[in-house]
Structures are given as C-alpha cells and as structure tokens.
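Participant: Protein chains in written order, with the numbering used here: chain A, 100 to 218; chain B, 100 to 218.
Beta carbons are placed, not taken as given, at the ideal position from N, Cα and C, and that holds for glycine.
Please read all numbers here as calculations on a predicted model, not as lab measurements.
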DNA sequence: CGCTTATTCAACCGATCGGTTGATTAGAGA
DNA sequence: TCTCTAATCAACCGATCGGTTGAATAAGCG
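#1: Whose Cβ in chain A lies nearer than 7 Å to the Cβ of residue 112 of chain B?
#2: Under DSSP, the alpha helix (DSSP H) around residue 149 of chain A begins and ends at which residues?
#3: Which chain B residues are close to residue 166 of chain A, counting only those with a beta carbon under 8 Å from its beta carbon?
#4: Measure the C-alpha to C-alpha separation of residue 117 of chain A and residue 135 of chain A and round it to an integer number of angstroms.
#5: Can you list the residues of chain B that residue 171 of chain A reaches, using a CB-CB cut of under 7 Å?
#6: Cβ closer than 9 Å: which chain B residues qualify as neighbours of residue 102 of chain A?
#7: List the DSSP bridge partners of residue 171 of chain B.
#8: DSSP three-state call for residue 111 of chain A: helix, strand or coil?
#9: Please list the terminal residues of the continuous alpha helix (DSSP H) segment that includes residue 133 of chain B.
#10: So what does DSSP say about residue 163 of chain B, is it helix, strand or coil?
#11: For residue 100 of chain A, I'd like the list of residues in its chain whose CB is within less than 6 Å of its CB, leaving aside the five on either flank, ordered along the chain.
#12: Give the interface partners of residue 127 of chain A over in chain B, defined as CB-CB distance under 8 Å, in chain order.
#13: In angstroms, rounded to a whole number, what distance separates the CA positions of residue 152 of chain B and residue 142 of chain A?
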C-alpha cells in the first residue's frame with residue numbers, strides 16, 4: 100500500500116536540514132538558491148535534499164524562467180498524523196483497560212500483594 | 100534542542116519493520132523472541148531494530164528472568180505531532196492569506212488580467 | 001550569438017544502515 | 001553443575017546517505 104510512501108515521508112523528515120527546509124517553505128515558496136543561502140553546504144546538496152522531499156510528496160516544484168520555486172504540500176502531513184494517532188490511541192486504550200484489570204486484581208487479592216516482595 | 104531526538108524518532112519510524120513492531124507493541128508488551136517470530140529476519144536483526152526504537156525513546160524495556168519485554172512509550176508521538184501540526188498550520192494560514200490577497204487583486208485588476216497572456 | 005544565472009546530472013567518497021553469522025552473557029531448571 | 005533458553009555483542013558485507021567537485025542543461029540578457 101502506501102507503506103512505501105509513509106517510509107519516504109518519515110525518512111525525509113529524519114534529516115534536520117530537510118525539516119528546516121520544510122519550516123522555511125511553510126512561510127512561503129522559495130527557489131533552490133534562496134533555500135540554499137542560509138546553509139554552508141553546496142547548492143547541489145540542497146537540491147538533493149529537495150529531491151528527497153519531492154519524492155516523499157512533501158514538496159512540489161513549479162517553473163519561472165530558469166528558476167524552479169518549491170512549494171510545500173501540507174496535505175501529506177495528514178498521512179503521518181493518521182498513522183501516529185492510530186497507534187497512540189491504541190496504546191492509550193490498552194493502558195485504560197490494563198488499569199481497570201489491575202484495579203480489579205487489587206480489590207480481589209489485597210493480602211497476596213507482598214508475596215513477590217518477601218524473597 | 101531536541102532536534103536530535105526528533106531526528107531519531109522520524110528515522111526510527113522510516114523503516115516498515117520498525118513501524119510494524121510499534122503496531123504490535125501498541126496491542127501489548129512483547130519479548131524480542133515474540134516480536135521476531137512473524138518475520139523472516141534473524142532475532143539479532145529485530146534486536147537491532149528495537150535498539151533503534153529505544154534510542155528514539157519510542158520503546159522501553161523491563162526485565163523478567165532472561166526475558167526483556169518491550170513496552171511502547173506512546174508519549175513520544177506527541178513530539179512528532181507537535182512538529183507536524185506546527186508547520187501544517189503555518190502552511191494553511193499562509194494559504195488563507197494568499198487566497199485573500201489574490202481575491203483582492205482580482206477585485207482590483209479585473210481588466211489587467213490578460214496582460215501577461217497577451218504576449 | 002555569447003555570457004550569466006539557476007539548477008540538475010554524474011561520479012566519487014566516507015559514514016551509516018539493515019542484514020548476516022558466530023561468540024558471549026545471563027538466568028532457570030534438571 | 002550442566003544445560004537450555006533469551007537476548008546481546010562483535011565483526012563483517014553490500015546498499016544507501018549526505019556530502020563533495022565538475023560538467024551539462026536551460027532560460028534570460030547584452
């Protein structure tokens with residue numbers, strides 16, 4: 100399924116420079132040169148980072164003469180949020196049930212609680 | 100800051116096997132052997148995956164004889180969600196403003212719209 | 001047309017990644 | 001104690017990653 104897509108999105112955001120680029124693109128569209136300016140690395144390196152973000156679907160490019168301004172595709176974030184929320188909720192639900200079970204055991208076996216601690 | 104932490108979390112979840120492990124741990128705690136069973140890869144490989152998840156703070160381990168059951172630490176998800184939401188909102192807000200500006204220009208320059216297209 | 005600007009392509013390099021196999025540690029249990 | 005089970009450590013391997021430099025492509029400009 101979109102297993103692969105999700106992997107690319109997470110991998111793309113695993114790099115601090117790329118997260119930084121996303122942050123800057125959230126403010127407004129920008130060209131490769133503009134995006135590269137604040138960094139010490141070469142323009143080619145930034146261009147590569149942008150390719151990774153594009154392959155993940157996080158960024159798109161348009162054309163303006165020889166410039167190719169990049170644009171943040173914010174919808175992809177939903178894919179991540181959906182994945183994260185799913186398992187967070189599941190884990191929280193489990194906690195809730197576990198707490199209930201432990202409370203029930205506690206009610207039932209008040210006197211046997213020290214059994215393990217005695218050794 | 101927790102730049103580094105965030106990088107590790109995203110990197111950890113960039114691997115489908117590790118996301119799968121997280122999914123299983125959301126259902127309930129499990130030992131390395133139990134987690135490794137459904138996969139074709141060696142136990143050592145799964146052990147390595149778990150180390151990555153632990154280093155990212157997504158998973159913790161306890162002790163039960165020679166077994167070391169793993170537990171999902173769901174709170175770390177909040178770190179990601181916070182990051183994602185921040186830039187999604189920012190991008191969405193920008194859209195809103197851009198739409199407003201375009202609408203205003205549209206009102207103002209109805210007749211000049213074909214200027215660019217004429218050449 | 002020839003120059004400059006913006007960007008990408010290509011080859012290379014060291015580091016990290018996901019996997020392997022083999023040896024080791026740690027605890028239970030006969 | 002000797003043995004079995006659970007898991008980790010260690011060394012290695014090919015692939016990918018983030019970076020470099022150098023050449024190529026593409027579009028505006030004098």
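Facilitator: Inspection of the coordinates gives the following:
#1: Translated into the one-based positions of the second chain, residue 112 of chain B becomes position 13. Those are 109, listed as they occur along chain A.
#2: In the first chain, the residue the question calls residue 149 of chain A occupies position 50. 142–154 is the extent of the alpha helix (DSSP H) around residue 149 of chain A.
#3: As a working mapping, residue 166 of chain A is identified with position 67 in the first chain. The premise fails here: residue 166 of chain A is roughly 16 Å from chain B at the closest Cβ pair, so nothing lies under 8 Å.
#4: Within the first chain, the letter at position 18 stands for residue 117 of chain A. Within the first chain, the letter at position 36 stands for residue 135 of chain A. Near 11 Å, if we compare the C-alpha coordinates of residue 135 of chain A and residue 117 of chain A.
#5: Counting from one through the first chain, the residue named residue 171 of chain A turns up at place 72. Residues of chain B passing the Cβ test: 190.
#6: One-based indexing of the first chain puts residue 102 of chain A at position 3. Those within 9 Å of residue 102 of chain A in chain B are 115, 118.
#7: Here residue 171 of chain B refers to the residue found at position 72 when the second chain is read from its first residue. For residue 171 of chain B, which the question treats as bridged, DSSP gives the partners B:158.
#8: In the first chain, the residue the question calls residue 111 of chain A occupies position 12. Note: residue 111 of chain A maps to helix in three-state DSSP.
#9: Here residue 133 of chain B refers to the residue found at position 34 when the second chain is read from its first residue. Run containing residue 133 of chain B: 131–135, per the alpha helix (DSSP H) assignment.
#10: The residue labelled residue 163 of chain B in the question sits at position 64 within the second chain. It is a strand residue.
#11: Indexing the first chain from 1 puts residue 100 of chain A at position 1. Confidence at residue 100 of chain A is low in this model, with a pLDDT of 49, below 50, so its placement is unreliable and no value can be given for it.
#12: On the first chain, residue 127 of chain A is found 28 positions in, with the first residue counted as 1. Per Cβ cutoff of 8 Å: 193.
#13: Translated into positions along the second chain, residue 152 of chain B becomes position 53. Translated into positions along the first chain, residue 142 of chain A becomes position 43. If I take the Cα positions, the gap works out to 33 Å.
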